[in-house]
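Notes to accompany the following structure.
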Amino acid sequence: PTSSAPPAFTPPSHNRALHANHGVDMSKTALRSAASASAMELNAVEDSSATALRSRGGGALGGLDIPLLTYFALWYLGNYYYNITNKLALKATGGAAGFPMTISALQLGIGSLYGLFLWLAPDAREKPSITLDDVIKMLPVAFCYAGAHSASVFSFSAGSVSFGQIVKAAEPAFAAVLSQFVYNKPVSKAKWLCLPVIIGGVILASVKELDFAVSALISACIANLFAAFKGNENKKLMETEGLKDRMGSVGNQFALTTILGFLMSIPLVLWREGSKLGQFVEMFKTNPVISTNLIASGLWFYGYNELATMTLKKTGAVTQSVANTAKRVIVIVGVAIVLGESLDPMKLLGCAIGIGGVFVYSIIDQLLAKKNA
6 PTSSAPPAFT PPSHNRALHA NHGVDMSKTA LRSAASASAM ELNAVEDSSA TALRSRGGGA
66 LGGLDIPLLT YFALWYLGNY YYNITNKLAL KATGGAAGFP MTISALQLGI GSLYGLFLWL
126 APDAREKPSI TLDDVIKMLP VAFCYAGAHS ASVFSFSAGS VSFGQIVKAA EPAFAAVLSQ
186 FVYNKPVSKA KWLCLPVIIG GVILASVKEL DFAVSALISA CIANLFAAFK GNENKKLMET
246 EGLKDRMGSV GNQFALTTIL GFLMSIPLVL WREGSKLGQF VEMFKTNPVI STNLIASGLW
306 FYGYNELATM TLKKTGAVTQ SVANTAKRVI VIVGVAIVLG ESLDPMKLLG CAIGIGGVFV
366 YSIIDQLLAK KNA
């Protein structure tokens, strides 16, 4: 498979009119790229992807795994564009005081429609054969997935994307606490020693954050908490006998989680923003910056998450750690440049310390195991 090269971006002008035009043009390009990436996923990433990812490139490129590198590139591209289009949609609707819960829910809704389309389209994706009992067992995972997404979107609406990403990089700290004290799965002393480094990096990045908001910090931490719960609940879910076979594929699992998460998000939207949904509908119909970026962000979010899930299942633990670390660096720096967010040296230092700590946390047990072998 091949991917379209990302369009060139220039930092946005402080002139509001130019910024709006920039957002519309960029989002239209993102929509076309999203459609192209989705078509590629439909044709190449399905069941045959397992074979493709294990194959090795030949010829002049020797042992390079070209298909795997392509999937990594599409994953990074999708994450990058999601963060840009999501932020532009949030800003156009009023930021944290606007419609962050509505936007987060609709993003899941767009992903749900795409997942349903793949089941209905001829020769696209085989439908799962799950039971009602399977659906009930999936509810905790879907709830945590929806909660993590909603909290993340609110964090990005209240502060800068780069700051939100730095705080979200501290998720291992939440995962360690939950594993140790809630799920009774002890965490090694080496991993505990990495946590102060991660937390210290986040604190250092916060000191010089120009767009710092307590609500952005708290909601990003809530997103981390939900994500940590989701990881542990998903492990329990996949231990259900025969469930993996009934789902049929990783893509089906993600589609089911997205659909259930969307349905669970609706009550939150009605509670928080239900009284002004009419205003949002009018804005969506009249402002192309909102409509284009919202649709694009929903497609990018679903696409990059499914690609990430499928790609990481084909790699080892160390490769996953390197990939996630590289992804955060690319998104934090790239999005900050495009959206004109602050890149203070102290913020960058904190970012480097925090993400470096996450990387060491992810591989420290394997390194010590090899040393003691």
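Residues 6 to 378 in our numbering are what the sequence shown lists, from first letter to last. For every residue, glycine included, the Cβ atom is placed at its ideal position computed from N, Cα and C.
Could you compute how far the alpha carbon of residue i sits from the alpha carbon of residue j?
{"i": "I295", "j": "T98", "result": "7 angstroms"}
{"i": "A378", "j": "T262", "result": "40 angstroms"}
{"i": "L137", "j": "V338", "result": "44 angstroms"}
{"i": "E51", "j": "M351", "result": "The pLDDT assigned to E51 is 44, lower than 50, so where the model puts this residue is not dependable, and the model offers no usable value."}
{"i": "L344", "j": "S167", "result": "10 angstroms"}
{"i": "I264", "j": "L353", "result": "37 angstroms"}
{"i": "K375", "j": "K319", "result": "22 angstroms"}
{"i": "A57", "j": "Y307", "result": "The predicted model places A57 with a pLDDT of 42, which falls under 50 and marks its position as unreliable; any figure quoted below should be read in that light. Roughly 21 angstroms separates the two Cα atoms."}
{"i": "W80", "j": "Y309", "result": "5 angstroms"}
{"i": "F104", "j": "A151", "result": "16 angstroms"}
{"i": "A178", "j": "I342", "result": "28 angstroms"}
{"i": "T75", "j": "L82", "result": "10 angstroms"}
{"i": "A101", "j": "N84", "result": "21 angstroms"}
{"i": "F148", "j": "V158", "result": "16 angstroms"}
{"i": "L304", "j": "S184", "result": "32 angstroms"}
{"i": "K290", "j": "L348", "result": "35 angstroms"}
{"i": "F285", "j": "F186", "result": "42 angstroms"}
{"i": "S155", "j": "F161", "result": "10 angstroms"}
{"i": "Q371", "j": "P293", "result": "49 angstroms"}
{"i": "R333", "j": "A233", "result": "17 angstroms"}
When we look at the beta-carbon of residue i and count the other beta-carbons within 10 Å, is it buried (16 or more) or exposed?
{"i": "L209", "result": "buried"}
{"i": "V219", "result": "exposed"}
{"i": "P201", "result": "exposed"}
{"i": "E311", "result": "buried"}
{"i": "K281", "result": "exposed"}
{"i": "E346", "result": "buried"}
{"i": "Q258", "result": "buried"}
{"i": "V363", "result": "buried"}
{"i": "M143", "result": "buried"}
{"i": "Y256", "result": "Correcting the residue identity first, residue 256 is Gly in this sequence and not Tyr. Label assigned to G256: buried."}
{"i": "A65", "result": "Reliability of the predicted coordinates at A65 is poor, the pLDDT of 39 falling under 50, and no value is obtained from them."}
{"i": "S134", "result": "exposed"}
{"i": "I203", "result": "buried"}
{"i": "G359", "result": "buried"}
{"i": "I300", "result": "buried"}
{"i": "I115", "result": "buried"}
{"i": "E238", "result": "buried"}
I'd like to know if residue i contacts chain D, where contact means its C-beta is closer than 7 angstroms to some C-beta of that chain.
{"i": "S109", "result": "Of the chains in the structure shown, none is chain D; there is only one protein chain."}
Compute every distance between the C-beta of residue i and the non-hydrogen atoms of the ligand HEM, then say whether any falls below 6 angstroms.
{"i": "A233", "result": "In terms of ligand content, the structure shown is empty, and the ligand HEM therefore cannot be addressed."}
Quiz prompt | the stretch 100-116 / the stretch 264-280 touching (three or more Cβ pairs under 8 angstroms) | solution = yes
Self-check item: Touching by the beta-carbon criterion (3+ pairs, under 8 angstroms), the stretch 115-132 and the stretch 176-195
Solution: no
Quiz item: Contact between the stretch 224-244 and the stretch 172-185: three or more CB pairs below 8 angstroms?
Solution: yes
Quiz prompt | Contiguous alpha helix (DSSP H) assignments of at least 4 residues, all confined to the stretch 303-378 | solution = 322-344, 350-377
Quiz item: Can you list the alpha helix (DSSP H) stretches of 4 or more residues lying completely in the stretch 163-188, in chain order?
Solution: 166-173, 176-186
Exercise. Count the CB pairs spanning the stretch 73-89 and the stretch 125-136 that are closer than 8 angstroms, and state whether there are at least three.
Key: no
Self-check item: Any alpha helix (DSSP H) of 4 or more consecutive residues that is wholly inside the stretch 215-263
Solution: 219-243, 248-252
Self-check item: Contained alpha helix (DSSP H) runs [length at least 4] in the stretch 70-123, N- to C-terminal order
Solution: 71-97
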